[in-house]
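Number of protein chains: 2
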Amino acid sequence: MIIIGELINSTRKAIAAAIEAGDKAAIQKIAKDQAEAGAHYIDVNAGAFKDREDEYLTWLVKIVQEVVDLPCCIDSPNPPALEAALKIHKGIPMINSISLEKERQDKLLPVLAGKDLKVVALCTSDAGIPRTTADRLKIADELIKLLLDHQLKLENVYVDPLVQPVATDKAFGIEFLESVTQIMTRFPGIHTVCGLSNVSFGLPQRKFLNRTFMAMAIAKGLDAAIMDPLDRQMMSVVLAAEALAGRDNFCMNYINAYRGGKLEI
Amino acid sequence: MIIIGELINSTRKAIAAAIEAGDKAAIQKIAKDQAEAGAHYIDVNAGAFKDREDEYLTWLVKIVQEVVDLPCCIDSPNPPALEAALKIHKGIPMINSISLEKERQDKLLPVLAGKDLKVVALCTSDAGIPRTTADRLKIADELIKLLLDHQLKLENVYVDPLVQPVATDKAFGIEFLESVTQIMTRFPGIHTVCGLSNVSFGLPQRKFLNRTFMAMAIAKGLDAAIMDPLDRQMMSVVLAAEALAGRDNFCMNYINAYRGGKLEI
Chain U
1 MIIIGELINS TRKAIAAAIE AGDKAAIQKI AKDQAEAGAH YIDVNAGAFK DREDEYLTWL
61 VKIVQEVVDL PCCIDSPNPP ALEAALKIHK GIPMINSISL EKERQDKLLP VLAGKDLKVV
121 ALCTSDAGIP RTTADRLKIA DELIKLLLDH QLKLENVYVD PLVQPVATDK AFGIEFLESV
181 TQIMTRFPGI HTVCGLSNVS FGLPQRKFLN RTFMAMAIAK GLDAAIMDPL DRQMMSVVLA
241 AEALAGRDNF CMNYINAYRG GKLEI
Chain X
1 MIIIGELINS TRKAIAAAIE AGDKAAIQKI AKDQAEAGAH YIDVNAGAFK DREDEYLTWL
61 VKIVQEVVDL PCCIDSPNPP ALEAALKIHK GIPMINSISL EKERQDKLLP VLAGKDLKVV
121 ALCTSDAGIP RTTADRLKIA DELIKLLLDH QLKLENVYVD PLVQPVATDK AFGIEFLESV
181 TQIMTRFPGI HTVCGLSNVS FGLPQRKFLN RTFMAMAIAK GLDAAIMDPL DRQMMSVVLA
241 AEALAGRDNF CMNYINAYRG GKLEI
C-alpha cells in the first residue's frame, strides 16, 4: 500500500498557524512522525493562503525534505505554486490533483505534460462527482487517455474514484469499490487511490467505518491511500488487509508490526 | 448477511459435556443467545458421538426449536442422523454439508434430492481443497450442476469456497475472495458462505485478522457466514461492512446497533 501522509495540510488549524508563524520545527516533526509511521509520500498543502501559496508551498517542500528522505505529494491546483514547488523538489513528486474539470485540465496539463511525476487523477468533471461505476469508468477512461496523450506514464497515474457518503445513498460505497476493481483491471499497471473518510459522513463511529471500508477497498484492489499514518488502528487494518490480500510476503510486515508492539486493534 | 450460529458443536468440550449430560437448559441458553445476537440459523452438530449421533442430533434440533423460532443448520455428513433430524425439524433447514467427494456425494444426494432445503456445498473433491480460483470454480460448476440435477433450487445452494491460511501461501486469501465474486457473478441467486477463521491460522491476533477478512469477503460478495454471533466485535464489523456495501437500507441496522449500545469496536 502506498501511503500518502495527509497531515501537513493548511486547512487544519494547527498547520495553518505553524505555516504562518514559520514554525519549521513543528512542521518537520509531523513530517518525520509520518515517515516513521510508514508514509511513502508527505502531502503538503498551503491552499488556505491564496496570496502566498507559492511561497508557503515551496517552503513546506523544502523543510519537509530537509528531514525526511521521501518525495512530497504536492497538493495544489495552482500552476505557479506547483511550478515553484516542483523547482526545488528532490526526487519524483506526486501532484494532487488533476480532474476532468475543464478549467483544472487547462491549467494543469501544461505543468504535467511529459514530466516524470506521479499524478492523482480525480474521477470528476464539470458535471460533478459521478454516482455510478459506469459513470466513473467513463470519466476515468477519458482522463487517463488525456494524461497518456500528454506523455505521462500509465504507472504514474493514481486514479481516485471519489467516494461519497453511504448515508446519502446506500449504493455509493459499492459503486466506488467496484470502480476500483474495474479501473485496476482495465488499465494494468495503473494505481487507485483515495481519501476514504467521506464514506462515513453523517454516521456514528466514523473512524471504525473508515477502517472497515479500507479493508474492503484493499480487497477490491486499492493500492494507495491519502490518510493519517499516525492513526495506528487504521494502519493496523492496512497491515492486516494487505497480508490477507496476498500483498505481504510471508506476512512479514504484519508479523513484524505485531512483534514491534505496533498493532493497535 | 445470513448468519449461521456455530456454537452448538460437539467438537467443543462444553457442548459435548452438555449433550452427554442431557443438559437441555445449557444448550437452549446458547441457542437463545445466538438468536438474540442475530443468528438466522442455529448450527447443530453431534458428530463427536459416533454411535449415538442420530439420537443426539435429533435431540439438539428438538430442544433448540423449542426455544427459538429459527431453522437449524444440521451439521452432519451421516444420512441416518440427517434423516432422523430432518423428520422432526420445523421449517426449512440447512444441511451442512455436501462436497464433490465421491463418498459424500453418494451418501448425501439421495437424502437431499428434490427436497426444499438449503445446503452448504463445499468446494472440495477427492483431490483435496483447491488452491486457485480457477480450480475452485471448476469444482463449484460441477457441484452446482449435480445439485440442480437432483432438483435442488439454485437459491438454496450455499457454496463455501473454503479458505486456507495465508501464512501457508500468501495467495490463499485472495484466491478465496476472488472465488466468492466469481461464483456470485456466474450463478445469480446463489449464495456463498464460509467459516473464515482458517485464513488466520499460524498468525498473531487471529480474531482481528478474521474480522478484517470478513469485511473484505463482504466487499467481494459473501452473503452468509458460519460464525459466532456472540462475538460482538465480529458482529460490529459485519454491520459496518454491510452498511458500506449497500446492503443496509438507510444504514438503519448499523445505526440501531449503535443506538442500542451493541457496537463493540
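Chain order of the listed sequences is U and X. Numbering-wise (the numbering used here), the first sequence opens with residue 1 and increments by one. Numbering-wise (the numbering used here), the second sequence opens with residue 1 and increments by one. Where a beta carbon is used, it is the ideal one built from N, C-alpha and C, also for glycine. The structure displayed is predicted, hence computed values, not measured ones.
query                                                                                                                                       : result
Neighbour flag for residue 267/X against chain U, beta carbons, 8 angstroms                                                                 : Residue 267/X lies beyond the range of chain X shown here (1 to 265); nothing can be said about it.
CB contact below 8 angstroms: residue 212/X versus chain U                                                                                  : yes
Nearest-angstrom Cα separation, counted from residue 258/X out to residue 262/U                                                             : 28 angstroms
Separation of residue 122/X from residue 68/X, as counted between CA atoms                                                                  : 27 angstroms
Contact with chain X by residue 204/U, beta-carbon distance below 8 angstroms                                                               : yes
Beta-carbon contacts of residue 141/X that lie in its chain and below 6 angstroms, excluding the five residues immediately before and after : none
Cα-Cα separation, residue 45/U to residue 75/U                                                                                              : 5 angstroms
Pick from 113/X, 83/X, 172/X that is closest to residue 130/X, judged by C-alpha positions                                                  : 172/X
Assumed close pair residue 214/X, residue 238/X - CB separation to whole angstroms, cut-off 8 angstroms                                     : 6 angstroms
Proximal residues of chain U, C-beta to C-beta of residue 216/X below 9 angstroms                                                           : 215, 216, 218, 219, 220, 241, 244, 245
As assigned by DSSP and simplified to three states, the class of residue 7/X                                                                : strand
Contact under 8 angstroms by Cβ, residue 56/U with residue 19/U                                                                             : yes
Segments of 3+ residues assigned as beta strand (DSSP E) that fall wholly inside the region 1 to 59 of chain U                              : 2 to 9, 41 to 45
Minimum Cβ-Cβ distance from residue 98/U to chain X less than 8 angstroms                                                                   : no
is_contact[residue 248/X, chain U] using C-beta, thresh 8 angstroms                                                                         : yes
DSSP three-state assignment for residue 117/X, whether helix, strand or coil                                                                : coil
Closer than 7 angstroms: residue 19/X CB and nearest the ligand SAH heavy atom                                                              : What this structure holds is no ligand at all, so the ligand SAH is not there to describe.
is_contact[residue 187/X, chain U] using C-beta, thresh 8 angstroms                                                                         : no
Those residues which DSSP pairs with residue 224/U across a bridge                                                                          : 2/U, 193/U
Status (buried if at least 16 other CB within 10 Å, exposed otherwise) for residue 160/X                                                    : buried
The region 141 to 158 of chain X touching the region 95 to 108 of chain X, judged by at least three CB pairs closer than 8 angstroms        : yes
Inter-residue CB distance, residue 150/U and residue 109/U (contact presumed, cutoff 8 angstroms)                                           : 5 angstroms
For residue 141/U: DSSP bridge partner residues                                                                                             : According to DSSP, residue 141/U bridges with nothing at all.
Interface positions of the region 165 to 190 of chain X facing chain U (Cβ-Cβ less than 9 angstroms), listed along the chain                : 166, 167, 169, 170, 171, 172, 173, 174, 175, 177, 181
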